[in-house]
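Numbering (the numbering used here), first residue to last: 407 to 794. Idealized CB from N, CA, C, for every residue including glycine.
Shown next, in the form of structure tokens:
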């Protein structure tokens, strides 16, 4: 009997699409006993998913939009600027769709509201994280409600078990599906010179992000030092809202805008909402990574390089610099002045941290030459729904 697997893309931006879209395409092409359903919240995400999935698979997929009525959209849109109410409303509006499938595959836990609403009448749920799994939020206790986890490497399995979220038998290591969407040998050029390219990739969380207190100073350094190129490519959600609130830390901040002097500089490229934010173009093009808590650092480390992490909350009293394991991939700094001092030494920093980067990358990303993550993920899902 045909099993129905729904791939859920219920977000307001397309940054999570590449983590599961390829698996959907692989299943559609190579699993004849599976009907793949792709459900999207907004049209822009549907277009991105369609770009990732091979054209030959499109006709084998049941495409669904999680539409809301015009009245619902008007009512909820203002609130959605602060809380993700549109995502929740889409789920409840389309419960019949979820009743019709055997398994839901998602990159985030909002979908678990469907499980709580439908109970035994609903499908089972599989989780594919859209990050590296170093922050506490990556191990939220709600994740225990997933029946299966497809994880990028043994680190995530170890941490899921250590946090009491799941057991190892419910986890499958498949690698990082987003890597299958690019050619690692291709590095785009965004500047017409051979100067080193630095990528600044701040997060949106108002408690953890360096953008709110340091972003302008970081850009000012590069404005004054034209022998370096800078790409400013924040997490896409940073510029989707003016006011950001962290549920994890109960902190709210207004997002600073970008001054015209930075946009006019010929050695600074600023992108807050373009397609290159989603396809690893910037992480692949950069020689040096500057960030805070974004897991995109592991995408940068596909080709290794110097990493600088800005901690806006100061050095811990106990002297422990690495609040997160991925900060061991580079240097942890506590202000723009420290960053300015270390930037000229980026080559030495890259060499110093290379061995640790190799270790952490292998532990976090089970990347195998000649074996795609999407194929491994598709096989794991097919086995699961068939009871193998």
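| Item | Value |
| --- | --- |
| Expected contact under 8 Å - CB spacing of residue 791 and residue 509 to nearest Å | 5 Å |
| Selection from 683, 729 and 533 that minimises the alpha carbon distance to residue 429 | 533 |
| Cβ-based burial, residue 787 [other Cβ within 10 Å; buried from 16] | buried |
| Residue-chain proximity (residue 759, chain D), Cβ-Cβ < 8 Å | No chain D is present in this structure, which holds just one protein chain. |
| Selection from 410, 662 and 426 that minimises the alpha carbon distance to residue 439 | 410 |
| Delimiting residues of the beta strand (DSSP E) encompassing residue 625 | It is not in any beta strand (DSSP E) - residue 625 instead sits in the alpha helix (DSSP H) that spans 617–630. |
| Boundaries (first-last residue) of the beta strand (DSSP E) holding residue 712 | 712–716 |
| Closest by C-alpha distance to residue 488, when choosing among 649, 690, 736 and 667 | 649 |
| CB contact flag (residue 552, residue 529, <8 Å) | no |
| Candidates 469, 471, 492 and 470: closest to residue 480 by CA position | 492 |
| Residue closest to residue 500, alpha-carbon to alpha-carbon, out of 470, 775 and 514 | 470 |
| Pairwise C-alpha distance: residue 539 and residue 546 | 11 Å |
| Of the residues 609, 543, 502 and 593, the one placed nearest residue 472, counting alpha carbons only | 502 |
| Inter-stretch contact at 8 Å, needing at least 3 Cβ pairs: the stretch 619–634 / the stretch 739–746 | yes |
| Integer-rounded CB distance, given that residue 735 should sit under 8 Å from residue 713 | 5 Å |
| Sequence-distant residues of the same chain with beta carbon closer than 7 Å to residue 795, five excluded per side | A query on residue 795 cannot be resolved here, the shown segment of the chain reaching from 407 to 794 and no further. |
| Pairwise C-alpha distance: residue 750 and residue 604 | 12 Å |
| Given 8 Å, three or more beta-carbon pairs between the stretch 715–722 and the stretch 625–643 | no |
| Residues bridged to residue 607 [DSSP beta-bridge criterion] | 697 |
| Identity of the residues DSSP links to residue 542 by a beta bridge | Residue 542 pairs with nothing; no bridge assigned. |
| Identity of the residue in 667, 572 and 524 nearest residue 796 by Cα | Absent from the model: residue 796. The displayed extent of the chain is 407 to 794, so no value can be given. |
| Contacting residues, own chain, Cβ-Cβ under 6 Å from residue 486 (five flanking each side not counted) | 492 |
| Residue 535 versus residue 579 - alpha carbon distance | 12 Å |
| Inter-residue Cα distance where the pair is residue 584 and residue 784 | 14 Å |
| Three-state secondary structure (DSSP) of residue 485 | helix |
| Spatially closest choice to residue 446 from 733, 737, 416 and 424, by CA coordinates | 416 |
| Entirely enclosed alpha helix (DSSP H) segments - the stretch 519–587, minimum 4 residues | 560–568 |
| Where residue 760 sits in the DSSP three-state scheme | helix |
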